[in-house]
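Quick note on numbering: the sequence shown equals residues 246 to 503 in the working numbering. Idealized CB from N, CA, C, for every residue including glycine. Notes follow once the structure below has been shown.
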Amino acid sequence: MSTGGEGPVAVITGGTTGIGLATARRFLKDGYRVAVFGHRSETVKAAGTTLAEGVGADRVVALQLDLRDPTAIQGFFNDVRGRLAAPSVLVCSAGVSPKGANGPSRVGTMPRKEWDDVLSINLTGAMLCCQAVLPDMQENRFGRIVFVGSVAGRTRPLIAGPAYAASKAALAGLSRSLVTQYGSFGITANVVAPGRILTGMTGPVSSDANREAIKRIPVSRLGTVEDIAAAIAFLASSEAGFINGAILDVNGGEFAPS
């Protein structure tokens, strides 16, 4: 039996830090119940406590999960259904972008393990989460799936490594496949492609990489996690029902067509 009061349910992968955590906060503000997961126990615990403040613990599920484990993914979604309800919104925000002391790997020398790990989390994990929510969305004839892509998957990557860029570009193809196969069920799938966003992954504003990035951004600042959360919340709303298969660039004009 479902608990946790009223309101639709949104699942946010990688929802314990950065963009994912800001998105979870936004959905709670908009009246959703939320379920988040991350791979580090300390961030999961902190996120669960933070998100529950002011709304109640019965509106939040926060669990530790490895996106490379299909059985664990299915178990997580079963838990969400039991504790809250079937999710009507899936936000795939989890992602890794490894860099060494000398910056991102080069294609010619990148370890195979790095490639496999990045794609298994950033791409395959997203696909497995889609498989977990699609049956309920089909039955309810409503669903919103939003992938968090990247400007690195839209144009020449200047900071990100090849595995990260490839995984983020591939999310657009996954989104379009969902559009073709599930649009008739009232399910939409879109990508939000952030530019340079100030998170723990990008480091402090004062870093050399961020100072150079700001020079390329017409609005002369880095984006915030709240900028991205607002875009995701819109695509998940009923007002966005005719937006399907789109890529929404949120980058301050860095990727504006010339």
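In the three-state DSSP reduction, V305 falls in the strand class (E or B).
Per DSSP, P315 is one residue of the alpha helix (DSSP H) stretching across P315 to R328. Excluding residues up to 5 positions away in sequence, G490 lie with their Cβ nearer than 7 Å to the Cβ of R421 in the same chain.
Proximity to P380 across S350, Q426, L266 and V391 peaks at Q426, based on C-alpha coordinates. Residue environment: G445 is assigned as exposed (fewer than 16 neighbouring CB atoms within 10 Å of its CB, all protein chains considered). Minimum Cα-Cα distance from G265 among the listed residues D453, L443 and P315 corresponds to L443. Listed as beta-bridge partners of L368 by DSSP are no residues whatsoever. DSSP places D494 within a strand segment (E or B) once states are collapsed to three. Excluding the 5 residues flanking it on each side, V334 has same chain C-beta neighbours closer than 6 Å at A255, R389 and A481, in chain order.
Note on P253: 16 or more other CB atoms within 10 angstroms of its CB, so buried under the neighbour-count rule. Linking R399 to F387 through their CA atoms gives a straight-line distance of about 28 Å. Taken through DSSP and simplified to helix, strand or coil, A280 comes out as strand. By alpha-carbon distance to G498, the top candidate from V450, S483, R466 and R313 is R466. Separation of the CB atoms of F500 and V436 is rounded to 13 Å, and the pair is thereby denied contact status at 8 Å. Taking C-beta atoms as the reference points, S365 and R304 fail to come closer than 8 Å.
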